[in-house]
Amino acid sequence: MKTIIKLATAVSLGATLLAGTAAAQVDRQPVSSISELLQRVRQDAQEAQAENQQRLQEFRSQRAQQQQLVTQARSRLNALQAEADANREQFAENQETISRLDAQLREEQGAFGELFGVARQTAGEFASLIQASIVSAQFPNRHVPLENLAESRTLPDANDLQRIYTVMIDEMNAQAEVVTFDRQVVGLNDGNPVPVTRVGTFDIFAMSGGPKFLQWSTNEDDRTTGYVLSVLPAQPPGRLLSAASSLANADANEIVEGPFDPSRGALLAIFKDVPSLSERFQQGGIVAKIIAGLFIFSALFGLWRLLSLFMTNNAINAQKRKSTASKGNPLGRVMLAYESVKDRPIETIELKLDEQILRETPKLELGLNFLKLAAGVAPLLGLLGTVTGMIRTFTQITLFGTGDPRIMAGGISEALVTTVSGLIAAIPLLFIHSFAASFARGAQQTLEEQAAGIVARHAEERGQA
Amino acid sequence: MNLQGIIIGLQEFLERGGPVLLWIMALTFVMWAFILERLAYFAFAHSGVAARTKKEWAARSDHHSWYAHAIRDQLVSEVKLKAEQNVELIKTLVAVAPLFGLLGTVTGMVAVFDVMAISGSSDARAMSSGVARATIPTMAGMVSALSGLLFSNQIERMAKQRVHELADELEVE
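Just so you know, the protein sequences line up as chains A and B, in that order. Be aware that the first sequence starts at 1, since it is given in UniProt numbering, and climbs by one per residue. Be aware that the second sequence starts at 1, since it is given in UniProt numbering, and climbs by one per residue.
What follows is the structure in structure tokens.
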């Protein structure tokens, strides 16, 4: 039952839409059955027909009036067409005048036509040149008149032509100057102006808590923003920075060493591409990390051994001068061993001393072999890294060919960085081992060759006393 | 050539060799300081030490007991320690010098490849500074090691010989 009512409502809705705007506006009772709907449709059709009849009659009664309207419109059309023809004629005539005048202009320009062309071209080229020059940081927007000249359709006058070469001379003059002025620099001093020194057209740096080299560049992604001064992402080495600061602090007419980039900033920008120490270490890959780990562990261990051997040596030297033996050092322990057997025959004493010395020796030599091994293994690990790096390089050559050296650079960096880190690890370890070994040998020699003598001396002194 | 010219030439040489060359220079100075110290010891100080030892031994009346032998060993050993002081260190420095040269070689090669990576070309002129950094320290390390090697062997032999001579002179009955 419900579905039928729904269907009926849908049909009545459709009928309402069909009945046209006038009927739709009338608020009518909703239909509740199909027969009622049918009746309603018939009734509407009758109404529409009656309305049509009425309109037809109206049109017929007004026929004469319509005719008159048509004739009026026709006469208006004719008038407008005549006007259009007149305008077209005028246009053609004007075109002809323009071309005649153009020809006359060309004729009267004569050789000057070429001159103006050259002037515009030069102005355009020079405008972009000085826009990119760092002198524009000091005199902003000086390229605008030249750019206007290059793009204008009118003939340049004498002033315009003169401006081209005065700007050129200004630029040449600026190449020979070292000047300091205040400017805003992106990323310095919260956008407030800082003192900026310009060396000709070659380089530019700011003094804001130490010298900082700047670049005069556009945004790579959005060229419409124009040129701005910003800090170079990677500063050149300290030698150049100190030259810059000595130049900035120099008195007028004083001759000092200053930074000079003949490529107008390109060389300074290269420092951005030079990898830093940590980037280098990253290039070394896993082998460099292993070497670093080995180095740190062995160096700490070696320094500990060095310190303890040094202290042992000091204690032995102090013991040499004292007749009372202490348990705290190897020589003292040897002397205590003698004390325990001093009344026995010489052979027994000798054996006892040798036994105690043999007991002390391993303690002195503890870890020295490991240090030697670490110092030997570090360059070998470096060599391993070299070979794995070369394998990577050759894999890349196999895949991509040798066309671009940059493709191979990763593998070669790995090869060289690991070799370097192997050597850097090996050299201090060698020194540590050498010092530690000489301390250990000194102590050992003292025990093996002098302990008996020291014991004998003390015994004799006591015998005499 | 005047002094200033020599200094400028040396500076240029050091600059072309890069930082590793400075290290090698420092190492060579230290090594030669130790070598000269040893030579001076054998030339001037050793005879005094030996004479004092001989006098001490001659002052003893007892030259044949176990105690006397032990004391003689100690006297010889003390002189030996003095004579062989720093010899091991000199030998280590000699061994390390070519390693420093090798370090220079590799850092120079890194510089060469940096140039290749940045410029993307294999222009020999652009790479020459890296090649100089690679080759000059290698040569310097070799020269340093060779000069030290000659003397370190000589000093070691001299020390052994002097100690042996002294031991022969301390007579046992």
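Even for Gly, the Cβ is constructed at its ideal location relative to N, Cα and C. All values derive from a computational prediction rather than experimental measurement.
- request: Name the two residues that bound the continuous beta strand (DSSP E) containing aspartate 203(A).
  value: From DSSP, the beta strand (DSSP E) with aspartate 203(A) extends over 203–207.
- prompt: Where does lysine 327(A) land, buried or exposed, given buried means 16+ other C-beta within 10 angstroms?
  reply: Classification for lysine 327(A): exposed.
- request: For the stretch 246–261 of chain A, enumerate the residues whose C-beta is nearer than 7 Å to any C-beta of chain B, in chain order.
  value: Residues: none.
- prompt: Starting from serine 217(A) and walking both ways along the alpha helix (DSSP H), at which residues does that stretch end?
  reply: Serine 217(A) -> not in any alpha helix (DSSP H); beta strand (DSSP E) instead, spanning 211–217.
task: Assuming threonine 386(A) contacts alanine 415(A) (C-beta within less than 8 Å), just tell me the rounded distance between them.
output: Threonine 386(A) to alanine 415(A), Cβ: 4 Å. Contact.
field: Burial state of alanine 50(B) (16 or more Cβ within 10 Å)
entry: Classification of alanine 50(B): buried, given that the 10 Å Cβ count is 16 or more.
message: On the criterion of 16 or more Cβ atoms from any shown chain inside 10 Å, does glutamine 283(A) qualify as buried, or is it exposed?
response: Classification for glutamine 283(A): buried.
field: Straight-line Cα distance separating valine 94(B) from arginine 38(B)
entry: In this structure, the CA atom of arginine 38(B) is about 15 Å from the CA atom of valine 94(B).
field: Same chain only: Cβ atoms within 8 Å of glutamate 173(B), ignoring 5 sequence neighbours per side
entry: Correct list, in chain order: His63 and His64.
message: So for valine 256(A), helix, strand or coil by DSSP?
response: Coil at valine 256(A), not helix or strand.
field: chain A within 8 Å of alanine 70(B), Cβ atoms only
entry: For alanine 70(B), at least one C-beta of chain A is nearer than 8 Å to its own C-beta.
query: In angstroms, rounded to a whole number, what distance separates the CA positions of threonine 21(A) and valine 41(A)?
result: For threonine 21(A), the predicted structure reports a pLDDT of 45, less than 50, and the residue's modelled location is therefore unreliable. The matter cannot be settled from this model.
task: With a 10 Å radius around its C-beta and 16 neighbouring C-beta atoms as the bar for buried, classify tyrosine 338(A) as buried or exposed.
output: With 16 or more Cβ atoms within 10 Å of its Cβ, tyrosine 338(A) is classed as buried.
- prompt: Which residues bound the alpha helix (DSSP H) around arginine 441(A)?
  reply: Counting along the chain, the alpha helix (DSSP H) containing arginine 441(A) begins and ends at 405–445.
query: Under the DSSP definition of a beta bridge, which residues are partnered with threonine 197(A)?
result: Answer is Thr180(A) and Phe205(A).
- prompt: Does the distance from the C-beta atom of leucine 368(A) to that of alanine 436(A) stay below 8 Å?
  reply: Yes. Within cutoff.
query: Between Ser129(B), Trp66(B) and Ala134(B), which lies nearest to proline 345(A) when the distance is taken from Cα to Cα?
result: Per the Cα distances, Trp66(B).
- request: Could you confirm whether any beta carbon from chain A is found closer than 8 Å to the beta carbon of threonine 135(B)?
  value: No, because no Cβ of chain A sits closer than 8 Å to the Cβ of threonine 135(B).
message: DSSP three-state label for leucine 229(A), please.
response: Collapsing the DSSP output to three states places leucine 229(A) in a strand.
field: Limits of the alpha helix (DSSP H) - the one that leucine 56(A) falls within
entry: Its alpha helix (DSSP H) spans residues 34–61.
- prompt: How close, in whole Å, do the beta carbons of valine 196(A) and aspartate 182(A) come, if the pair is a contact with beta carbons under 8 Å?
  reply: Right, the Cβ-Cβ distance comes to about 7 Å (below 8 Å), so this counts as a contact.
message: So for valine 31(A), helix, strand or coil by DSSP?
response: Three-state result, valine 31(A): coil.
query: Excluding the five sequence neighbours on either side, which residues of its own chain have a C-beta within less than 6 Å of the C-beta of alanine 19(A), listed in chain order?
result: With a pLDDT of only 47 at alanine 19(A), under the threshold of 50, the placement of this residue in the model should not be trusted; the figure read from the coordinates follows. Same-chain partners within the cutoff: Asp44.
CB contact flag (aspartate 203(A), phenylalanine 260(A), <8 Å): Cβ distance < 8 Å, so aspartate 203(A) and phenylalanine 260(A) count as in contact.
query: Is the Cβ of threonine 92(B) closer than 8 Å to any Cβ of chain A?
result: At a cut-off of 8 Å between C-beta atoms, threonine 92(B) counts as an interface residue with respect to chain A.
- request: Please name the residue in Ser33(A), Ala318(A), Leu373(A) and Ile290(A) whose C-alpha comes closest to that of glycine 382(A).
  value: Per the Cα distances, Ile290(A).
query: Can you find a heavy atom of the ligand MN that lies under 7 Å from the Cβ of leucine 146(B)?
result: As presented, the structure is devoid of all ligands, the ligand MN included, so that no description of it is given.
- request: For alanine 250(A), I'd like the list of residues in its chain whose CB is within less than 7 Å of its CB, leaving aside the five on either flank, ordered along the chain.
  value: If we look at alanine 250(A) and ignore the five residues flanking it on each side, its Cβ neighbours are Val256.
query: At least one CB of chain B closer than 8 Å to the CB of arginine 239(A): is that the case?
result: Closer than 8 Å: no.
- request: Kindly indicate if chain A contains any beta-carbon less than 8 Å away from that of glycine 120(B).
  value: Chain A, which has a Cβ nearer than 8 Å to the Cβ of glycine 120(B), makes this yes.
message: Between which two residues does the alpha helix (DSSP H) holding proline 237(A) run?
response: Neither: proline 237(A) is in no alpha helix (DSSP H) and is coded neither H nor E.
query: What are the boundary residues of the alpha helix (DSSP H) that arginine 344(A) is part of?
result: No residue range can be given for arginine 344(A), since it is assigned to no alpha helix (DSSP H) and is classified by DSSP as neither H nor E.
- request: Give the straight-line distance between the Cα atoms of methionine 139(B) and leucine 149(B), rounded to the nearest whole angstrom.
  value: Distance between the alpha carbons of methionine 139(B) and leucine 149(B): 15 Å.
- prompt: Nearest-angstrom Cα distance between glycine 101(B) and alanine 456(A)?
  reply: The straight-line gap separating the alpha-carbon atoms of glycine 101(B) and alanine 456(A) is approximately 51 Å.
message: Is the beta carbon of alanine 123(A) closer than 8 Å to that of leucine 155(A)?
response: It is not a contact, given that the beta carbons lie outside the stated cut-off.
message: Once DSSP output is grouped into helix, strand and coil, what is the label at glycine 20(A)?
response: Here glycine 20(A) scores only 46 on pLDDT, less than 50, and its place in the model should not be relied on; the value that follows carries that caveat. The three-state reading of DSSP puts glycine 20(A) in helix, counting H, G and I together.
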